[in-house]
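**Student:** Chains as they are written, first to last, in the working numbering: chain W, 1 to 232; chain H, 233 to 464.
2 protein chains.
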Amino acid sequence: MQNVGLIDSKEAATLLTLPWSVIHVPRQKDILRIGASPEYLYFIEDGWAARYSIRRDGSRRITGFMLPGDSCSIHAIAREPLDHAIMAVTDCEVARIPVDLVIAAAAESPAFSVALWRSKLIDEATLRVWLTNSKDALWSVAHLICELHARLDAIGEVSDGAFVLPATQEQIGDALNLTPVHVNRMLKKLRSAGLIQVRDFKAFIPDLQALQTACAFSPSYLHLGVSTPSRH
Amino acid sequence: MQNVGLIDSKEAATLLTLPWSVIHVPRQKDILRIGASPEYLYFIEDGWAARYSIRRDGSRRITGFMLPGDSCSIHAIAREPLDHAIMAVTDCEVARIPVDLVIAAAAESPAFSVALWRSKLIDEATLRVWLTNSKDALWSVAHLICELHARLDAIGEVSDGAFVLPATQEQIGDALNLTPVHVNRMLKKLRSAGLIQVRDFKAFIPDLQALQTACAFSPSYLHLGVSTPSRH
DNA sequence: CGTGCGATTGATTGTCTTCAATAATGGTGG
DNA sequence: CCACCATTATTGAAGACAATCAATCGCACG
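This is the structure in structure tokens:
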């Protein structure tokens, strides 16, 4: 397990001492179904995943993306069935740790317990930001790209402002409550403005500062800590 | 402290053994400001409060309502500064418990710790439902009324389908990302449809089943457990 | 008795959706 | 190897929904 998404590496080390196994989930398949009561804590090792709910009319709302190092099912600690599903956006390698062991580790180490809390608070803060941002289509697209850029940068997957963006425009729309048609137009507009170039599932941000200013993005809610510099 | 919003009364009892004090916050004033690092866990004793963020353009987004028994600042357990503010929708009585004592109680009692987790998961599930519901103005207004009804019913504040709804139409709009004008029109429409009557800060639902079906409301995400029957 | 807040209604504008058609791409089976 | 198909992206035209602008009303309060 390379990356555990917990800020303090000391707490991450606790996780690494627990036994884990890896499963493979193909693109578009569910990692966890709604209503599941997972016995494991899941971590995305490689690939992208997304939380989503299905509306009565059949449409889908993505409520969060999960990138390598993110955990899916911390809620399992409370032993509640999942109220939403989690799908693989790309082919995924998913590590899993028996939840009992995580609970035991949390009981033993207050610092580890706080790290789990902090992880949940980041999820929650992100949901609030998504709610707050859902006003203007153009800038919410830009803001999402900024968020993904910041998170990918923190795990070293950004190179000179460029990164792989495996989500389809339809999935971006599902995340932002926009039609794929409108996402396409907004991306076109952002490209014309020289802020973001997206093509063939690759994104490039020529001027990060300009983009972040334009869409009022501030990465503080992600609590990424000191990230590895993006250039490599 | 009458009501602590934790499902299992045994865990609630743990809280009740901790020393607490009560502060008064007048309507429209902040209970907690953005960036605050509260030393206390706050509980709404009486009144309504709301979490909110301010956008760059000055507009406000309400990301959740807090009713009597709800806790404001569980996140304080992770000792992170608040990323959003909390305001009093009505005059509020707010109880507070030193956060150190809560942390100590959680360390001692795994069941209490799980109860805190569950509380956070409900907040998170609610945020996801708000995101998912933000598609159709009419039904999102109806859904919000249903949510508030269900939560108020669980604390015995609903009588024969009627309850006090102290939020202004502007605040409802801020919660749903709608203008107050449009909220007004949607409420008018719901009234015409015989689903909800709102007037003078009082709401009445003539046929709960019909309303819940119409807006696809299912209270499960609130984890209210066995509620007190509404008739009294 | 004015003042301010909240609710209500009308008219107009604009954003986003819907419907539709085409193009580009990659994978599959014959 | 290539024809076929599914998926994704792209663009145009029309329509729907919600925002904006603006005015009035009712009411509580000083």
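Here a beta-carbon is modelled for each residue, glycine too, at the ideal position from N, C-alpha and C. Because the structure is a prediction, the values reported are computed rather than measured.
Any C-beta of chain H sitting closer than 7 Å to the C-beta of residue 212 (chain W)?
**Tutor:** No, its Cβ sits nowhere closer than 7 Å to a Cβ of chain H.
**Student:** So, helix, strand or coil for residue 172 (chain W), using DSSP?
**Tutor:** Looking at residue 172 (chain W) - three-state DSSP - the assignment turns out to be helix.
**Student:** I need the boundaries of the alpha helix (DSSP H) containing residue 112 (chain W), first residue and last residue.
**Tutor:** Segment 110–133, the alpha helix (DSSP H) holding residue 112 (chain W).
**Student:** How about residue 40 (chain W) and residue 125 (chain W): are their beta carbons less than 7 Å apart?
**Tutor:** No, they are not a contact pair.
**Student:** When you compare only the Cα positions, how much space is there between residue 318 (chain H) and residue 65 (chain W)?
**Tutor:** Near 27 Å, if we compare the C-alpha coordinates of residue 65 (chain W) and residue 318 (chain H).
**Student:** Assuming the contact rule is C-beta atoms closer than 8 Å, residue 320 (chain H) and residue 263 (chain H) should be a hit. Round their C-beta distance to whole Å, please.
**Tutor:** Residue 320 (chain H) to residue 263 (chain H), Cβ: 6 Å. Contact.
**Student:** Which residue marks the beginning of the beta strand (DSSP E) containing residue 202 (chain W), and which one marks its end?
**Tutor:** It spans 202–204 - the beta strand (DSSP E) in which residue 202 (chain W) sits, taken as one unbroken run.
**Student:** Write down every uninterrupted run of the alpha helix (DSSP H) in the region 140–226 of chain W whose length is 4 residues or greater and which is fully enclosed by it, in chain order.
**Tutor:** Listed in chain order, they are 169–176, 180–192 and 208–214.
**Student:** By a C-beta neighbour count over all protein chains shown, 10 Å radius and 16 as the cutoff for buried, is residue 350 (chain H) buried or exposed?
**Tutor:** Its Cβ being crowded by 16 or more others within 10 Å, residue 350 (chain H) is buried.
**Student:** Determine the chain W residues that contact residue 312 (chain H) at a beta-carbon separation under 8 Å, and present them in chain order.
**Tutor:** The contacting residues are 118, 121 and 223.
**Student:** Which residues in the same chain as residue 183 (chain W) place their Cβ atom closer than 6 Å to its Cβ, once the five residues preceding and following it in sequence are excluded?
**Tutor:** These residues qualify, in order along the chain: 169, 172 and 173.
**Student:** From what residue to what residue does the beta strand (DSSP E) around residue 327 (chain H) run?
**Tutor:** Its beta strand (DSSP E) spans residues 324–330.
**Student:** Which residues in the same chain have their Cβ closer than 6 Å to the Cβ of residue 180 (chain W), if we skip the five residues on either side of it in sequence?
**Tutor:** Closer than 6 Å at the Cβ level, and outside the excluded window around residue 180 (chain W), lie 169, 170 and 173.
**Student:** Where does the unbroken beta strand (DSSP E) through residue 292 (chain H) begin, and where does it stop?
**Tutor:** Run containing residue 292 (chain H): 292–298, per the beta strand (DSSP E) assignment.
**Student:** By the criterion of Cβ-Cβ separation under 7 Å, what are the contact partners of residue 342 (chain H) in chain W?
**Tutor:** Correct list: 107.
**Student:** For residue 193 (chain W), count the other beta carbons within 10 Å of its own beta carbon; 16 or more makes it buried, fewer makes it exposed. Which is it?
**Tutor:** It counts as exposed.
**Student:** Leaving out five residues on either side along the sequence, give the residues of the same chain with a beta carbon under 8 Å from the beta carbon of residue 231 (chain W).
**Tutor:** With a pLDDT of 43 at residue 231 (chain W), under the threshold of 50, the predicted position of this residue should be treated as unreliable, and no value is reported.
**Student:** For the beta strand (DSSP E) containing residue 269 (chain H), name the first residue and the last one.
**Tutor:** Per DSSP, residue 269 (chain H) belongs to no beta strand (DSSP E) and is neither H nor E.
**Student:** For the region 80–100 of chain W, list every residue whose C-beta sits within 9 Å of some C-beta in chain H, in sequence order.
**Tutor:** For the region 80–100 of chain W, which is checked against every Cβ of chain H, the residues closer than 9 Å are 80, 83 and 84.
**Student:** What does the Cβ neighbour count give for residue 218 (chain W), buried or exposed, with the cut at 16 atoms within 10 Å?
**Tutor:** When all chains shown are included, residue 218 (chain W) counts as exposed.
**Student:** Spell out the partners DSSP gives residue 282 (chain H) in its beta bridges.
**Tutor:** In the DSSP output, where bridge partners are listed per residue, residue 282 (chain H) has H:297 and H:319.
**Student:** At 8 Å on the CB atoms, spell out the chain W contacts of residue 364 (chain H), in chain order.
**Tutor:** 53, 55, 61 and 63, listed in chain order.
**Student:** Tell me whether residue 319 (chain H) counts as near the ligand MG, meaning its Cβ is closer than 6 Å to at least one heavy atom of that ligand.
**Tutor:** Within the structure as shown, the ligand MG is missing, as the structure has no ligands at all.
**Student:** Give me the Cα-Cα distance between residue 135 (chain W) and residue 17 (chain W), rounded to the nearest whole angstrom.
**Tutor:** Their backbone Cα atoms lie some 44 Å apart in a straight line.
**Student:** Use the C-beta contact count for residue 254 (chain H): other C-beta atoms within 10 angstroms, 16 or more gives buried, fewer gives exposed.
**Tutor:** By the 10 Å Cβ count, residue 254 (chain H) comes out exposed.
**Student:** Along the beta strand (DSSP E) that carries residue 255 (chain H), what are the first and last residues, could you check?
**Tutor:** Unbroken beta strand (DSSP E) run through residue 255 (chain H): 253–257.
**Student:** Nearest-angstrom Cα distance between residue 209 (chain W) and residue 252 (chain H)?
**Tutor:** For residue 209 (chain W) and residue 252 (chain H), the distance between alpha carbons rounds to 46 Å.
**Student:** Given a cut-off of 7 Å on the beta-carbon distance, is the pair residue 337 (chain H) and residue 445 (chain H) in contact?
**Tutor:** No, they are not a contact pair.
**Student:** What does DSSP give as the partner residue(s) for residue 262 (chain H) in the beta ladder?
**Tutor:** In DSSP, residue 262 (chain H) forms a bridge with H:319.
**Student:** Taking Cβ positions, are residue 407 (chain H) and residue 294 (chain H) nearer each other than 7 Å?
**Tutor:** Their beta carbons are under 7 Å apart, which means residue 407 (chain H) touches residue 294 (chain H) by this criterion.
**Student:** Would you decide whether residue 385 (chain H) is buried or exposed? Buried here means 16 or more other CB atoms lie within 10 Å of its CB.
**Tutor:** The residue in question, residue 385 (chain H), is buried, as its Cβ has 16 or more Cβ neighbours within 10 Å.
**Student:** Under 7 Å between beta-carbons, which chain H residues line up against residue 75 (chain W)? List them in chain order, please.
**Tutor:** Correct list: 353.
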